[in-house]
Structure formats: structure tokens, C-alpha cells
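Residue numbers (this note's numbering): 35 to 463.
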Ligand SMILES: NC(=O)c1ccc[n+]([C@@H]2O[C@H](COP(=O)([O-])OP(=O)(O)OC[C@H]3O[C@@H](n4cnc5c(N)ncnc54)[C@H](O)[C@@H]3O)[C@@H](O)[C@H]2O)c1
């Protein structure tokens with residue numbers, strides 16, 4: 035792989051522009067290939083019924099979800115882990131051992147199991163939307179990990195959103211910070227006029243290391259076959275020969291991931307959109323590159339900056355650096371004052387306090403809250419599966435976050451400003 039600091043080439047010497055047009059074509063094809071052979075209505079889950087949970091993808095995050103659901107069951111939630119699916123047989127069998135769940139080598143087989151009411155999708159980004167479309171067509175409700183889809187799949191994500199509404203399925207996107215009660219305090223302060231009219235948000239994600247992208251190789255000898263479904267992993271991605279790096283360490287490659295923008299910023303942006311009532315951005319510009327990790331086959335940037343302008347006449351500026359962990363406090367500025375958030379580093383769990391700094395007068399500190407939000411996100415999802423209400427990160431809401439991420443990636447890769455056609459829900463660049 036050759037890549038200069040601005041990421042002008044991807045693997046095989048393909049330029050950014052060629053890469054985009056290839057992936058766009060592949061995405062259009064996915065809309066056709068992901069069609070499930072039938073549309074099933076799904077079981078109506080009553081208030082006291084046991085909900086059967088199936089897992090698609092049981093790697094790092096999938097195992098956290100398994101443990102979360104096990105914890106909820108121990109706490110009295112009426113749930114049962116009934117089925118697991120993974121493209122790597124070793125992980126599939128390991129996940130099934132403690133739960134006694136049925137194992138399925140392919141996700142459509144799991145979706146055909148009537149004992150499965152809801153599925154948790156925690157596969158690599160590019161598989162989320164195609165598998166989620168298959169799941170709603172099979173009559174299942176879905177907890178779908180963030181990002182909602184791969185950065186090249188915005189049109190497919192919009193179709194998924196439309197189909198979810200049409201089929202009346204419940205979908206929770208895994209931006210679990212949105213379930214953290216801390217953000218309600220930000221919302222209340224802004225609504226009570228603590229900063230006047232919102233104009234600017236500045237936040238970021240800072241890490242000392244690249245472990246996020248350089249994922250461990252679970253089996254250096256692994257090969258495609260009955261033990262490892264390489265075609266299933268690729269989905270609608272370009273058909274390239276198998277390597278253990280691509281399969282296990284997929285976050286390094288643009289075909290399957292986007293780097294900090296799509297991996298980390300969904301956590302940062304989601305609660306701001308929710309608490310501040312922002313919509314689709316009208317304009318996004320992004321910059322960055324591979325400025326630190328220049329010595330291995332990494333295609334995704336390690337430094338990423340994005341500026342979003344919203345029709346609500348507010349800008350959001352997000353920065354990510356893997357240089358070190360030095361953190362600037364997020365700031366929400368209005369014409370009458372500013373809110374800063376203390377120890378918001380783990381975006382998924384909340385923050386310790388909010389400092390309210392008025393334009394005139396004394397500052398005050400309001401206590402925040404840090405919670406384990408994945409369980410709360412699951413509880414909200416299951417409540418909505420029973421009640422058929424919208425979950426906190428339902429598809430319509432999550433599409434606004436996804437639009438911002440996809441616009442930023444397009445802007446970065448094409449070195450242009452991305453705009454949003456809100457009437458047609460389309461990215462224009
Ligand atoms: N919300 C959060 O805080 C959070 C945290 C970590 C990861 N995630 C998200 O979870 C997703 C998975 O990340 P991860 O770190 O667990 O990756 P991972 O590689 O550890 O796990 C992905 C699993 O999917 C399996 N897989 C690949 N193709 C498949 C297919 N076609 N069908 C079924 N299984 C398949 C792989 O074998 C692997 O076990 C990513 O999209 C990531 O962004 C979210």
C-alpha cells in the first residue's frame with residue numbers, strides 16, 4: 035500500500051477519485067444483493083413475553099453485547115440469547131459455549147430462525163446496513179452498531195431508514211452515549227437560556243495509540259473455507275484476495291472503515307445533535323491525513339478535523355488526534371454564555387460536570403453523571419420492542435449523524451466541500 039500524508043492513494047495505487055467511484059458503484063449493487071427473499075411480519079412481542087435475541091458478529095463489540103444481555107437477564111429482564119452468527123467459526127463457537135445458543139454460519143440462516151425476535155449487529159461497518167435490511171425484511175427488530183453504515187453507503191442507509199418506517203420495525207443504532215442521562219442536563223441548561231442562542235460547539239476525541247485500527251490478528255494461519263467466510267466479510271466491498279490483515283484488522287482499510295471520523299466521532303456528535311436539537315448539516319468540510327502511523331499498511335487517517343455548519347445557524351467543529359491523550363474541554367457557545375464539559379473523554383458514558391460561564395457574572399458548576407450506557411441503550415431498545423415507540427437512537431435520528439460522517443469522509447477524500455440536499459436527503463459534492 036502506498037499512501038502519502040494526505041491519503042491520496044489507497045491500496046493498489048488507486049486514487050481517491052477512482053476509489054470513490056468504485057465504492058459508489060459497489061454500494062448501488064448492494065441495494066440489489068441485500069434483498070431478503072421475502073418480507074415477514076415478525077412476532078408481536080407482548081409486554082410479558084420473553085424476547086429471543088440473536089447476535090450477528092461476535093468479535094470484540096459483539097461479546098460486550100453478549101455480556102450486557104447476560105447481565106440484563108440476571109437482573110430480571112425477560113430476554114433469552116437464542117442464536118449467534120459469525121464469519122469466523124472459532125468466535126462463533128466460543129460465543130455459543132456459555133449461552134447454549136444455536137450457531138449459524140451465515141446471517142440469513144439466523145434470520146430464518148423463528149425463535150429470534152431481535153438481532154444485534156456488530157459486524158464490520160460495511161455489513162451493518164445490508165444485514166440490517168435483511169433483518170427487518172425477516173420481521174426482526176434490530177440493535178445496529180455504530181456507525182450506522184460504511185461511509186460510502188449513505189444512499190443505502192437512507193433506503194434502510196425508509197424501509198424501517200414502512201415495515202414498522204424498531205431499530206436502535208448503537209450510539210449508546212445518547213442513553214446517558216448526563217446529556218439531559220445540557221439540554222435543560224440550553225433550553226433554560228444559560229447560553230442564549232446556540233452558535234458554536236467545539237469537541238474532539240484524543241487517543242495515545244492506534245490500537246483501535248491495528249486490531250489483533252486472532253489466527254495468523256487462518257484461511258477462507260468452512261472456518262472463515264471471506265465472501266461474507268467482503269459483502270459489497272471490492273473483491274480482493276484474502277489476507278489475515280484485512281479480515282482481522284479491517285479498521286485500517288478504507289474499503290471497510292473510515293478511521294476516527296466514522297469510528298469515534300459518532301460517539302462525540304450524537305449527543306450534541308440530540309441535546310441541542312440539530313438536524314442534517316447543510317455544509318461539511320474535513321481535513322487530516324496519516325500524520326503519525328506512516329510505517330504500515332494503514333489507509334485510514336490518524337488525524338481528522340471536521341467543520342459542520344447547521345441550518346440552525348450553528349457550527350460544530352470536531353477534531354481527532356492520535357498523537358497523545360491531551361484533551362481540550364468541549365465547549366458549547368451561545369451569544370449569552372458558554373458551557374464546558376469536564377472529563378468527557380469517554381464520550382459513551384457522559385461527563386463529570388458542566389461549567390456554566392455566563393457573558394456577565396459568576397460561573398457555576400453543575401454536577402454531571404457518568405454511567406455505563408450500553409445497558410441503558412439496550413433497556414431503551416427492549417422497552418421500544420415491546421411498546422413499538424421510537425428508541426432514542428432510532429434510524430431517522432441516526433441518519434442525521436450518518437449524513438455528517440459520510441459528508442466529512444467525502445469532503446476529506448475528494449478535497450471538496452460537501453453539501454446536503456435536505457429535500458431529497460442526498461449528499462451533493
Ligand atoms: N458502540 C461502541 O462503543 C462500539 C465499540 C466497539 C465497536 N463498535 C462497532 O462494532 C462493530 C464491530 O467492531 P469490533 O471491534 O467488534 O470488530 P471485530 O472484528 O472484533 O468483530 C467483528 C466480527 O464480525 C465478524 N464478521 C465479519 N463478517 C461477518 C459476516 N458477514 N457475518 C457475520 N459475522 C461477520 C468477524 O468475524 C468478527 O468476529 C464496528 O462497526 C464498530 O464500529 C462499537
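Think of the CB as a built atom: it goes at the ideal place given N, C-alpha and C, for glycine as much as any other residue.
All values derive from a computational prediction rather than experimental measurement.
* **Burial state of residue 121 (16 or more Cβ within 10 Å)** => Classified as buried, residue 121 has 16 or more neighbouring CB atoms from the shown chains inside 10 Å of its CB.
* Which runs of the alpha helix (DSSP H) spanning at least 4 residues fall entirely within the segment 92 to 141, listed in chain order? -> The qualifying runs are 94 to 108, 123 to 130.
* Buried or exposed (CB count within 10 angstroms, at least 16 for buried), residue 287 -> Buried is the call here.
* Asked: So does residue 463 have its beta carbon nearer than 6 Å to some heavy atom of ligand 1?
  -> Not one heavy atom of ligand 1 lies closer than 6 Å to the C-beta of residue 463.
* Asked: residue 386 to residue 139, Cα distance in whole Å?
  -> Here the C-alpha atom of residue 386 lies approximately 43 Å from the C-alpha atom of residue 139.
* **Proximity of residue 87 and residue 73 at Cβ, strictly below 7 Å** => Residue 87 places its beta carbon 7 Å or farther from that of residue 73.
* Please state if the CB of residue 150 and the CB of residue 187 are separated by a distance shorter than 7 Å. => Result no, Cβ atoms of residue 187 and residue 150 do not sit closer than 7 Å.
* Pull up the distance between the alpha-carbon of residue 452 and that of residue 318, whole angstroms please. => Residue 452 and residue 318 have their C-alpha atoms spaced approximately 5 Å apart.
* Residue burial classification, residue 330 (beta-carbon count within 10 angstroms, cutoff 16) -> It is exposed - the Cβ of residue 330 has fewer than 16 other Cβ atoms within 10 Å.
* Close beta carbons around residue 233, own chain, < 8 Å, minus the five adjacent residues each side -> Result list for residue 233: 347, 348, 349, 367, 368, 369, in chain order.
* In whole angstroms, what is the alpha-carbon distance linking residue 246 and residue 285? -> If I take the Cα positions, the gap works out to 7 Å.
* To do: Identify every residue that forms a DSSP beta bridge with residue 237.
  => In DSSP, residue 237 forms a bridge with 352.
* From this set, 256, 142, 266, which residue's C-alpha is nearest residue 277's C-alpha? -> If we check each option's Cα against that of residue 277, 256 comes out closest.
* Same chain only: Cβ atoms within 6 Å of residue 427, ignoring 5 sequence neighbours per side -> If you ignore the 5 residues before and after residue 427, its C-beta comes within less than 6 Å of the C-beta of 206, 207, 209, 212, all in its own chain and listed in chain order.
* Asked: Measuring CA to CA, which of 159, 223, 446, 300 is closest to residue 399?
  -> If we check each option's Cα against that of residue 399, 223 comes out closest.
* Asked: Beta carbon of residue 280: closer than 6 Å to some heavy atom of ligand 1?
  -> Result no, Cβ not under 6 Å from ligand 1.
* With a cut-off of 8 Å, do at least 3 Cβ pairs link the segment 435 to 448 to the segment 295 to 310? -> Pairwise C-beta distances place the segment 435 to 448 in contact with the segment 295 to 310, as three or more of them are shorter than 8 Å.
* **Three-state secondary structure assigned by DSSP to residue 413** => Residue state, collapsed to three classes: helix.
* **Residue(s) in a DSSP beta bridge with residue 82** => Beta-bridge partners assigned by DSSP to residue 82: none are found.
* Quick one: is residue 166 buried, meaning 16 or more other Cβ sit within 10 Å of its Cβ, or exposed? -> Under this definition residue 166 is a buried residue.
* Asked: What three-state label does DSSP hand residue 339 in the structure shown?
  -> Strand.
* Decide if residue 361 is buried, meaning its Cβ has at least 16 other Cβ atoms within 10 Å, or exposed. => The residue in question, residue 361, is exposed, as its Cβ has fewer than 16 Cβ neighbours within 10 Å.
* Every unbroken alpha helix (DSSP H) inside the segment 179 to 255 [4 residues or more] -> Counting only runs that start and end inside the segment 179 to 255, the alpha helix (DSSP H) elements of at least 4 residues fall at 188 to 201, 216 to 225.
* Asked: For residue 160 versus residue 269, is the C-beta distance shorter than 7 Å?
  -> It is a contact, given that the beta carbons lie within the stated cut-off.
* **residue 160 beta carbon near ligand 1 (any heavy atom closer than 6 Å)** => Residue 160: no, Cβ never under 6 Å from ligand 1.
* **Buried/exposed call for residue 462, threshold 16 Cβ in 10 Å** => Taking a 10 Å sphere around the C-beta of residue 462, we find fewer than 16 other C-beta atoms and assign the residue as exposed.
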